[in-house]
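Chemist: Just passing along the structure, written as C-alpha cells.
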Amino acid sequence: MSLFGKKKEEEKKAPACACNSGCPTSEAAEITSDCCPEAQNGICCIKVLGSGCASCHALYENTKEAVQKIGLSVEVEYVTDMQKIMEYGVMSMPALIVNEKVASMGKVLKPADVEKLLHKLGF
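First residue of the sequence shown? That's 1 in the numbering used here, and the numbers climb one at a time after it.
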C-alpha cells in the first residue's frame, strides 16, 4: 500500500520478443523452445547485444555464420541500443540472446562454439 492507502498497480511490460508472443526477458538457466509457435526448431529469435565494438561485431558475424551452417532461417539481430540492452540485465558485452533469454555474455564465441551452445540448449 502507498502512503495514501491505495495499492500500487503492477507495471505490465509489453513483450520484448520480436514475435510479440510474450517471451520473458530475464536471464534464465534454461532456454525454452516454446517461445513462439512459429519458431523454426524452437528458435524464434537470436540477438547479439553490443556497444558496436570489434568484439561485439565479431560475435554477431560468428553467430550469423553458425546459424547459416546449422541451416536455420532465423535472422540474427544486432542490438546496440543501451536502453534495450539494460532490459536484459546484461553486465558485460557482447551477449548472445536466444528466445529472449541470455545464453552467453562477456565472450566472443567462435562459430563452432555458437553451434555447440545452440545444440546444448536443445536446438
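In this text, a Cβ means the ideal position worked out from N, Cα and C, and glycines have one as well.
#1: Determine the closest residue to residue 85 out of 60, 43 and 47, with distance taken between C-alpha atoms.
#2: Starting from the C-beta of residue 58, find all residues in its chain whose C-beta is less than 6 Å away, skip the five residues before and the five after it, and write them out in chain order.
#3: Over what stretch of residues does the alpha helix (DSSP H) that includes residue 70 continue unbroken?
#4: In whole angstroms, give me the CA-to-CA distance for residue 78 and residue 106.
#5: Cα-Cα, which of 81, 88, 82 and 67 is closest to residue 117?
#6: For residue 105, which three-state DSSP category applies?
Modeler: Let me lay it out:
#1: 47
#2: 108
#3: 54-70
#4: 15 Å
#5: 67
#6: strand
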